[in-house]
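Asker:
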Amino acid sequence: MSFDNYRLRVNSCLDTHLSQSSALSENMRYSVLAGGKRFRPILTYTTASVFGVDLAHADSCACAVELIHIYSLIHDDLPAMDDDDMRHNQPANHTRFGVGQAILSGDALQALAFDVLTKNDSIDSGIRVTLVRQLAKAAFSMAEGQSIDLSIVSKKVGIDLLYSMHGKKTGALLQCAVMLGALLKPDLSPEDKAILTSFSEDIGLAYQVQDDVLDVSTSDAVLGKRQNSDADKDKPTFPSILGMEESIRVYKSLYQKASKRISQLSVDESPLRDLTEKLISRTF
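Spelled out as structure tokens, the structure:
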């Protein structure tokens, strides 16, 4: 199945899980169904397919990881957080519905993510517990990363702190997306698990460095949000510390490192390699 088909699949799945029974539900649908790359669920589906997992089993994992991602975007955009008024080429949730409703929409999406993940009876109950713990750990790390992000505004920081922060804020959920797909395989070997952990760490960091570069070099219309939003808020970024040329070198090197890592998997890794290659050339 193509990456575009994975995107369509998760969109359909998300639409199914989002009711239209209340004003809060409509607020949630506004952000979840606004579009987006759906990179995290695509990672989940791709990893699951590599290990021969039935995609019907992966649907709940793909939906759950995207619901957590969207909840985090709604909260990140709030005035008390990153204070962004645009997301996916439309007004941010709090701009459209107000701060209070945006907070509640994010809270509800986080709860829905775990509900979706736990009620898939086609997945063994023991595996479901493992999946829930993986997702909860990622959500906690995201909050830790955002806390660090808020604490370093207008401060001079070293590159190691930036790596650590984004490993939590961005990398944790990307790593979770990979592992949710893999952990659906009951007999996943420790060796394959370790390789995927390293692969996803490299992908997560590369993705964020690339995002920082694109935030400087890409227009609002393509990004779907304000260009230079971090720089305008005096936030440390990879280009502000390393410069553009070195930042580009870093993220390309990380993607290449990730691609080499998965060559050691016990299964045909080519779909994951193809996805990594597409990421290197992404423009938003």
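Going by this note's numbering, the sequence shown wraps up at 399, each residue one higher than the last. Note that CB positions come from ideal geometry on N, CA and C, so glycine has one too.
Between ARG376 and the rest of its own chain, which residues show a CB-CB distance below 8 Å, the 5 nearest in sequence each way excluded?
Answerer: ILE310, SER313, PHE314 and ASP317.
Asker: Tell me whether the beta-carbon of SER127 lies closer than 8 Å to the beta-carbon of LEU133.
Answerer: No.
Asker: By DSSP, does ARG243 sit in helix, in strand, or in coil?
Answerer: DSSP places ARG243 in helix when its eight states are reduced to three.
Asker: For the alpha helix (DSSP H) containing PHE118, name the first residue and the last one.
Answerer: Looking at the DSSP string, the run of the alpha helix (DSSP H) that includes PHE118 is 118-132.
Asker: Which whole runs of the alpha helix (DSSP H) in the segment 280-343 are 4 residues long or more, in chain order?
Answerer: Correct list: 287-298, 305-332 and 335-338.
Asker: Closest by CA to MET196, which one among CYS178, SER368 and SER344?
Answerer: Selected option, being the one with the closest Cα: SER344.
Asker: Looking at the secondary structure, which residues open and close the alpha helix (DSSP H) in which PHE64 lies?
Answerer: Here the chain covers residues 116 to 399 and nothing more, so residue 64 does not appear.
Asker: Would you please state the rounded distance, in angstroms, between the beta carbons of SER187 and MET116? I believe it to be under 8 Å.
Answerer: SER187 to MET116, Cβ: 27 Å. No contact.
Asker: Tell me whether LEU250 is buried or exposed, calling it buried when 16 or more other Cβ atoms sit within 10 Å of its Cβ.
Answerer: LEU250 is buried by the Cβ-count criterion.
Asker: Around the Cβ of PHE399, are there at least 16 other Cβ atoms within 10 angstroms (buried) or fewer (exposed)?
Answerer: Per the 10 Å Cβ criterion, exposed.
Asker: Comparing C-alpha positions only, which one of LEU158, ARG124, LEU265 and LEU148 sits nearest to GLY319?
Answerer: Among LEU158, ARG124, LEU265 and LEU148, the Cα nearest to that of GLY319 is on LEU158.
Asker: What are the boundary residues of the alpha helix (DSSP H) that LEU158 is part of?
Answerer: Run containing LEU158: 154-165, per the alpha helix (DSSP H) assignment.
Asker: Does the beta-carbon distance from CYS178 to LEU129 come in below 8 Å?
Answerer: Yes. Within cutoff.
Asker: With MET196 as the anchor, note down where its alpha helix (DSSP H) starts and where it stops.
Answerer: No alpha helix (DSSP H) contains MET196, which DSSP labels as neither H nor E.
Asker: Between GLY215, ALA292 and ASP192, which has its C-alpha nearest GLN205's C-alpha?
Answerer: That would be ASP192, whose Cα lies nearest to the Cα of GLN205.
Asker: Report yes or no: do the segment 265-284 and the segment 300-307 share at least 3 C-beta pairs separated by less than 8 Å?
Answerer: At 8 Å Cβ cutoff, the stretches do not touch.
Asker: If we call anything under 8 Å between Cβ atoms a contact, is VAL214 one with PRO386?
Answerer: In this structure, PRO386 does not lie closer than 8 Å to VAL214 by Cβ.
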